[in-house]
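So the structure is just underneath, and the comments pick up after that.
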Amino acid sequence: MVVNSNSLKVCVVGLGNVGHPTASYIHENGYLVYGYDIDPQKTSQINPITAFCEWEKVPECNIYVVCVNTGWKNGKPDMSNVFDACQKIAEKNKVKPLICIESTVAVGTCRKVAEMFDEVYLAHVPHRFWAGDPHKHGVKQVRVIGALDHESMVKAKNFYESMGIPLYPVSSLEVAEMAKITENAYRFVQIAFVEQLRLLCEKHNIPFKEVRESANTKWNVELLEARDGIKGECLPKDIRYLATLGEAPLLQGAIEADRKYIEHLKTKKLVSA
Ligand SMILES: NC(=O)c1ccc[n+]([C@@H]2O[C@H](COP(=O)([O-])OP(=O)(O)OC[C@H]3O[C@@H](n4cnc5c(N)ncnc54)[C@H](O)[C@@H]3O)[C@@H](O)[C@H]2O)c1
């Protein structure tokens, strides 16, 4: 079944790096889209979409796409923006809405969201957006999808497939949550490995570049470059979400390796300055 997009109202909650292009994409696909953000700057820059920073002004919608930022506070995942957004939706909606959580969340978050509602269709469709190439790695790319139940999966699949977004369905919300943080934690570990390798090479006056290139001639080795340390918010945040799930000496080691590498680069700059 393909949805009649024109009859459905969609609200994108959180209009930042991910929410803004998401709202535009949904609009381009014929839905009636509203935007909501607590930051007035974000709502003033999203023409032609009607966006509000006063929640009361947002009409009741059929579908909510949650793209708020998630964080790390006091040594723990901070999901307060997701819970705040979903609480507002729960209070507004009289009809059973479809909520698609696209933010990266700690494992267990989506199920807690479901408990905030009497009735809800809920899916987790974590974003893989990369601002470096939004055409290839933007809103429309293969996305993992996990859902609360069969009906939620059907509704959410209809929504995303109506916009040509290819999906990889998984058996639960938790699999989708875990898969997303795994992707970024895996990348983090790969980078931390070459950072540590580069430091070891430098210590022994062995050219890192040559070691890397020669090792990469083996069919199952693909060492990355060691650059300026792991930047941005997503990779450092998501590896920590994974590391909170139990004993994780490898992940903790990778975090420490990256910290030491960045410290080393800073010292080198000071010396050469
Ligand atoms: N930036 C990326 O490339 C990227 C890629 C993949 C996944 N993600 C994930 O997507 C999520 C969003 O990331 P982002 O980079 O767009 O963040 P962002 O900070 O650019 O945007 C988030 C927006 O949400 C708004 N917001 C916060 N709390 C809110 C609330 N309670 N109600 C309404 N609006 C609220 C903020 O004002 C902000 O404008 C994060 O979980 C991130 O980990 C980001």
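In terms of the working numbering, the numbers along the sequence shown are unbroken and rise by one, the last being 1049.
Just so you know, even glycine gets a beta-carbon here, dropped at the ideal spot from N, CA and C.
Keep in mind the model is a prediction, meaning the values are calculated, not measured.
In the structure shown, Asp860 adopts helical secondary structure according to DSSP, grouped into three states.
At least one heavy atom of ligand 1 falls within 8 Å of the beta-carbon of Cys1010. Per DSSP, reduced to three states, the secondary structure at His1040 is helical.
Taking a contact to require three or more Cβ pairs closer than 8 Å, the region 859 to 867 and the region 933 to 946 do not qualify as touching. A distance criterion of 8 Å places the beta-carbon of Arg904 in contact range of ligand 1, judged by its closest non-hydrogen atom.
With respect to Tyr840, Leu784 sits apart: the two C-beta atoms are not nearer than 9 Å. Note on geometry: alpha-carbon atoms of Leu976 and Leu1011 lie some 23 Å from one another. Thr826 carries a strand assignment under DSSP once its states are collapsed to helix, strand and coil. With 16 or more other Cβ atoms inside 10 Å of its own Cβ, Gly922 counts as buried.
With a threshold of 8 Å, the Cβ atom of Ala861 counts as near ligand 1, since some heavy atom of the ligand is closer than that. Annotation for Gly795: the continuous alpha helix (DSSP H) segment containing it runs Gly795 to Glu804. Within the region 995 to 1035, the complete alpha helix (DSSP H) runs of at least 4 residues fall at 1010 to 1019. With contacts defined by Cβ atoms closer than 9 Å, Pro797 and Gly914 form a contacting pair. Ser938 has its CB no nearer than 8 Å to any heavy atom of ligand 1.
Here the C-alpha atom of Tyr801 lies approximately 12 Å from the C-alpha atom of Leu791. DSSP places Pro853 inside the beta strand (DSSP E), whose first and last residues are Lys852 to Asp854. In this structure, Tyr810 has its CB at a distance of at least 8 Å from all heavy atoms of ligand 1.
In terms of Cβ geometry, Ile1006 and Ile967 form a close pair [threshold 9 Å]. For the set Asn996, Tyr812 and Leu1000, the Cα lying nearest the Cα of Val965 is the one of Leu1000.
Your pair Val889 and Ile877 checks out as a contact, with CB atoms roughly 7 Å apart and the cut at 8 Å.
Relative to the non-hydrogen atoms of ligand 1, the Cβ of Thr1020 never comes closer than 8 Å to any of them. Leaving aside the five residues that flank Val951 on each side, the residues in its chain whose CB is nearer than 7 Å to its CB run, in chain order, Gly922. No Cβ-Cβ contact shorter than 9 Å links Thr826 with Lys1013. Around the beta carbon of Ala961, 16 or more other beta carbons lie within 10 angstroms, which makes this residue buried. For Met939, same chain residues with a beta-carbon under 6 Å away, outside a window of 5 residues either side, are Asn805 in chain order.
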